[in-house]
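Trainee: Got a structure here, written out as structure tokens. Questions coming.
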Amino acid sequence: MEGSVLELENVTKIFSRGYFKKRYVIALENIDLKINKQDRWAIIGESGMGKTTLARIACLLETPTYGRIKWFGRDISILSKKELSDLRTKVQYVHQDPYASLHPSRNIYSTLADPLRKNNSIRGKGIEKRINELLNLVGLTPPSYFLNKYPHHLSGGGRQRLAIAKALTVNPEILVADEPISMIDMSLRAIIIQILKILNKELGLSIILVLHDIGAARFFASDGGKIAILYGGRIVEKGESDEIINNPLHPYTQTLISATPISDPDLAQRKKLPELKSYEPPKRELGQRLCPFSHACLYSQDICFVENPVLQKINDKHEVACFFWNKIPKWTPPWSMQ
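Counting from 1 along the sequence shown, just add 1 to a position and that's the residue number in my numbering.
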């Protein structure tokens with residue numbers, strides 16, 4: 002779909018630690034990302050690579066050290082308080098921990114009714130009607146059973162559905178979900194992802210899903226979704242999901258996909274994980290000019306340790322930040338093994 006709803010331009014985030022002796026940590030560096038209306042994006046990477054920081058900055062829960070954020074084509078740094086307040090409800094954040102993000106003393110009815118009254122001027126029977134619609138939408142059915150229940154009555158999956166329903170009370174246009182399946186039973190993870198896909202299709206929501214599980218990202222972003230791979234606070238590969246999953250060009254993306262569990266036991270036994278020079282996380286220091294994956298990559302050469310590769314366009318569906326992407330041996334996805 003055309004029409005940018007969210008843009009990150011050259012976004013960098015640096016955290017400082019310590020009082021007398023400052024220590025600086027680069028969480029994100031030079032992030033460029035454009036989300037269009039009704040897009041589905043999966044942001045993928047290991048823990049500590051900057052995924053949550055990116056999601057929080059996109060929703061203005063963190064401010065970038067450098068760079069610019071645009072909501073619906075407008076630079077939010079120059080908006081008045083009223084203009085920003087009017088736009089804020091259109092960008093909603095679903096927290097990773099559904100046990101901490103919901104007020105334990107409010108039942109499901111009041112959890113959803115309060116934001117409906119405040120932001121939509123709904124009164125009387127209209128509130129309960131809308132709550133029933135939202136609960137049906139996220140699969141908490143029948144709604145009448147849940148209205149007087151409290152968050153502690155729900156499973157982790159039920160709480161995360163309620164958190165999604167709460168985000169929908171203000172009629173957002175962008176939904177950013179930070180690891181919404183990480184604290185949920187394996188059997189329910191596909192259901193939560195399917196709910197997000199339905200919201201994307203039926204409500205036209207632009208959805209950004211932060212994940213460390215590339216298998217879940219493959220399910221979420223299939224059929225027209227997009228993927229961005231984060232490593233060391235940088236986007237090392239991005240593009241259309243099917244292109245990235247079936248033809249990954251960056252060695253880190255190949256490693257992530259190769260580590261994905263396979264249900265077929267015969268394929269799982271024959272699958273070989275790529276070897277790395279190091280399994281240590283990348284060092285991110287101020288002023289550092291190198292590829293963040295250079296210390297681990299089998300294909301790194303001298304230039305990788307002195308220069309940061311930028312994203313280059315391979316085709317209309319694929320970008321990669323690697324000096325030697327076209328010299329790496331052809332890679333076969335584990336599920337394509339014969």
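C-beta: ideal position from N, C-alpha, C; glycine also.
#1: Using the DSSP secondary-structure output, state which residues sit across from residue 313 in a beta bridge.
#2: Below 6 Å CB to CB, which residues in the same chain sit around residue 170 once its five sequence neighbours on both sides are set aside?
#3: Could you tell me the boundaries of the alpha helix (DSSP H) in which residue 159 lies?
#4: Going by C-alpha distance, which of 40, 50 and 86 is nearest residue 61?
#5: Assuming residue 9 and residue 79 are in contact, meaning their beta carbons sit under 8 Å apart, how far apart are those beta carbons, in whole angstroms?
#6: Whole angstroms are fine: how far does the CA of residue 147 sit from the CA of residue 127?
#7: Taking 7 Å as the threshold (C-beta atoms), are residue 205 and residue 39 in contact?
#8: Identify, in the order they occur along the chain, each residue of the same chain with its Cβ nearer than 6 Å to the Cβ of residue 15, setting aside the five sequence neighbours on each side.
#9: Start and end of the alpha helix (DSSP H) containing residue 201?
#10: Determine which residues share a DSSP beta bridge with residue 239 and list them.
#11: Pick helix, strand or coil for residue 18, following the three-state DSSP scheme.
#12: Which residue marks the beginning of the alpha helix (DSSP H) containing residue 216, and which one marks its end?
#13: Rounding to the nearest angstrom, what Cα-Cα distance links residue 203 and residue 17 in this structure?
#14: Secondary structure at residue 149, three-state DSSP: helix, strand or coil?
#15: What are the partner residues of residue 70, as DSSP defines its beta bridges?
#16: Verify whether the separation of the beta carbon atoms of residue 32 and residue 6 is less than 7 Å.
#17: Quick one: grab the DSSP three-state call for residue 129.
#18: If residue 361 and residue 45 are in contact, beta carbons under 8 Å, what's the gap, nearest whole angstrom?
#19: Using CA atoms only, rank isn't needed, just tell me which of 165, 293 and 251 is closest to residue 98.
#20: For residue 255, which of helix, strand or coil comes out of DSSP?
#21: Tell me, to the nearest whole angstrom, how far the beta carbon of residue 207 is from that of residue 180; I am working on the premise that it is less than 8 Å.
#22: If the criterion is Cβ atoms closer than 7 Å, does the pair residue 341 and residue 190 meet it?
#23: Just mark residue 177 as buried or exposed, buried being the case when its beta carbon has 16 or more other beta carbons within 10 Å.
#24: List the endpoints of the continuous alpha helix (DSSP H) containing residue 120.
#25: Tell me the DSSP secondary structure of residue 207 in three-state form.
#26: Enumerated in chain order, which unbroken segments of the alpha helix (DSSP H) with a length of 4 residues or greater are wholly contained in the segment 35-67?
#27: One question on the structure: do residue 310 and residue 322 come within less than 7 Å of each other, judged by their Cβ atoms?
Mentor: Reading it off the structure:
#1: 321
#2: 113, 116 and 117
#3: 157-169
#4: 86
#5: Incorrect: roughly 16 Å between the Cβ atoms, too far for contact.
#6: 17 Å
#7: Taking 7 Å as the cut-off, the Cβ atoms of residue 39 and residue 205 count as close.
#8: 25, 27 and 66
#9: Taken as a continuous stretch (DSSP letters only), the alpha helix (DSSP H) holding residue 201 covers 187-203.
#10: 229 and 320
#11: strand
#12: Here the alpha helix (DSSP H) through residue 216 covers 215-222.
#13: 42 Å
#14: coil
#15: 9
#16: In this structure, residue 6 does not lie closer than 7 Å to residue 32 by Cβ.
#17: Here residue 129 sits in helix by DSSP.
#18: Because the chain here runs from 2 to 339, residue 361 falls outside it and cannot be looked at.
#19: Taking the Cα of residue 98 as reference, the smallest distance to any Cα among 165, 293 and 251 is reached at 165.
#20: helix
#21: Rounded, the Cβ-Cβ distance is 18 Å, inconsistent with contact.
#22: Any property of residue 341 remains undetermined from this structure, which presents the chain solely from 2 to 339.
#23: buried
#24: In the DSSP assignment, residue 120 falls within the alpha helix (DSSP H) that extends over 109-121.
#25: strand
#26: 52-59
#27: Going by beta carbons, residue 310 and residue 322 fall inside the 7 Å limit.
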